[in-house]
Amino acid sequence: MFKPRGHSSKFAPTSGVSPRYVGELPPLSAPNGWFCLGFSHELAPGKVTTRQLVGRDVVLYRTRSGLLRATRPYCPHLGAHLGAGGRVEGEEMVCPFHGFAFGPDGVCTRTGYGTRPPKASLSLLHVREASGMMMVWHQHDGDPPSWEMRTPPSGTFSPVARDTTECAGHPQEVLENIVDFGHLTALHWPRVSNARVVKAFTEDGATAHVTLEMAVRPPGWKKPMLTTYEFTLHGLGGTEVHIRIPGGFVVRIWFLPTPVAPWRVQLRSGIDARVPAPRLLPAPLGRMLSAASSYLVSQFFLWYHNRVFLFSERNGDVPIWNAKEYLSQPRLAEGDGPITRYRRWAGQFYP
Ligand code: FES
Ligand SMILES: [Fe+2]
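Our numbering numbers the first residue of the sequence shown as 3 and each following residue consecutively.
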């Protein structure tokens, strides 16, 4: 089975993935846009790693001064794979095969023999780093980015709790979950009830918004909490969720599906939280308590979001995604949410 590198999750279900669309062309091709190939802390200065995007390897490396670069893997000299032994020397990527070096602009600066370098460059990809995410631009014919992701300032939130896993599917299918209002109470019950739309699905170029309110009941909790979920979709590769919980708690989730191979996605989540300091305590003690509880809430939400919403064998989305097929003409009914509208918006990301 295809095994993308860069996977690290304690939440993935152990049972298998359906071979749907293996050996045939999947019904949705790879979308254009920004996709997450890892979290910043996974790549220290001087390190090199290989990730997958749309069925091809991408080599990520960070120069000694901290510049992040993403490149197609093959050295323009004689084709060595830079992820297999390539090393960073200062600001340069050095190929393991003949020692040719490439500067941060990708241009070959020297050979391994002290001779004049050929006119050659690495095939660098557009890369951005914000909110601790390493985002790489994919465009089917190689065009440069036509839009940017607007990420929020980090503010006074806890450190980010992160997870990377994978399943069958496609970014459009995974994010359709947000506008598929019908499944919220049907599949996720009893964890979710009384879901209603607070702000309808609206679109603004590559961005789209929708706000829902639902009563959420984590396992072991008697009383459901009325919680607001504000979704901002940045293309099909990055969705930001702001969750407001009674008591002034805010949880932010970055949910990042990356198409790694035909009908296979890597799912990353980054979760941070802010719990207000209790008013009656002296300020330093309040801050300490707020930081500690923000940390605990972010860890709890990572567990809750992944273990309960995504991977639960009975109530989770992933077992459904692993086995479902994509219907281009679904038989929709009242109560389904703006699936058609969402799909029309998503259409802009395809060739
Ligand atoms: S193949 Fe990279 S230096 Fe020769
Ligand atoms: Fe869901």
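Where is the CB? At the ideal position from N, CA and C, for every residue including glycine.
What are the start and end residues of each continuous beta strand (DSSP E) run of 3 or more residues lying completely inside the stretch 29 to 100, in chain order?
35 to 41, 50 to 55, 58 to 64, 70 to 73, 89 to 91 and 94 to 96
What are the residues that DSSP puts in a beta bridge with isoleucine 273?
Ala163 and Ile255
If you run the structure through DSSP and keep just helix, strand and coil, what is arginine 345?
Here arginine 345 sits in helix by DSSP.
Residues proximal to ligand 1 by C-beta, any heavy atom closer than 7 Å
Qualifying residues, in the order they occur: Cys77, His79, Leu80, Gly81, Ala82, Cys97, Phe99, His100, Gly101, Phe102 and Gly114.
List the whole-angstrom C-beta distance separating arginine 64 from glycine 48, where the pair is believed to meet the contact cut-off of C-beta under 8 Å.
7 Å
With 16 as the cutoff for other CB atoms within 10 Å, does valine 1 come out buried or exposed?
Residue 1 is absent from the model: the chain starts at 3 and stops at 353.
From the DSSP output, in three-state form, read off threonine 229 for me.
strand
Hey, how far is the Cα of valine 162 from the Cα of cysteine 38?
15 Å
Reduced DSSP secondary structure (H/G/I, E/B, other) of leucine 334:
Leucine 334: coil per DSSP, three-state reduction.
First through last residue of the beta strand (DSSP E) which encompasses alanine 197:
194 to 206
Could you spell out the range, first to last residue, of the beta strand (DSSP E) harbouring leucine 282?
No beta strand (DSSP E) holds leucine 282; DSSP gives it neither H nor E.
Using 7 Å as the threshold, is the C-beta distance between tryptophan 347 and glutamate 205 below it?
yes
Please report the Cβ distance between glutamate 1 and valine 24, rounded to the nearest whole angstrom; I am assuming they are in contact, meaning their Cβ atoms lie under 8 Å.
This structure cannot settle anything about residue 1, because the visible part of the chain is limited to 3 through 353.
Look up methionine 135 in the DSSP assignment and say whether it is helix, strand or coil.
strand
Residue range of the unbroken alpha helix (DSSP H) whose run includes glycine 184
First-last of the alpha helix (DSSP H) with glycine 184: 183 to 190.
With alanine 325 as the anchor, note down where its alpha helix (DSSP H) starts and where it stops.
320 to 325
What is the rounded straight-line gap between the Cα of asparagine 317 and the Cα of leucine 177?
17 Å
Cβ separation of leucine 84 and proline 75, assumed to be a contact under 8 Å, to the nearest whole Å
5 Å
Cα separation between serine 296 and histidine 236?
One C-alpha to the other measures close to 26 Å.
What I want to know is whether the C-beta of asparagine 179 ends up closer than 6 Å to one or more non-hydrogen atoms of ligand 3.
Ligand 3 is not among the ligands present in this structure, which contains only ligand 1 and ligand 2.
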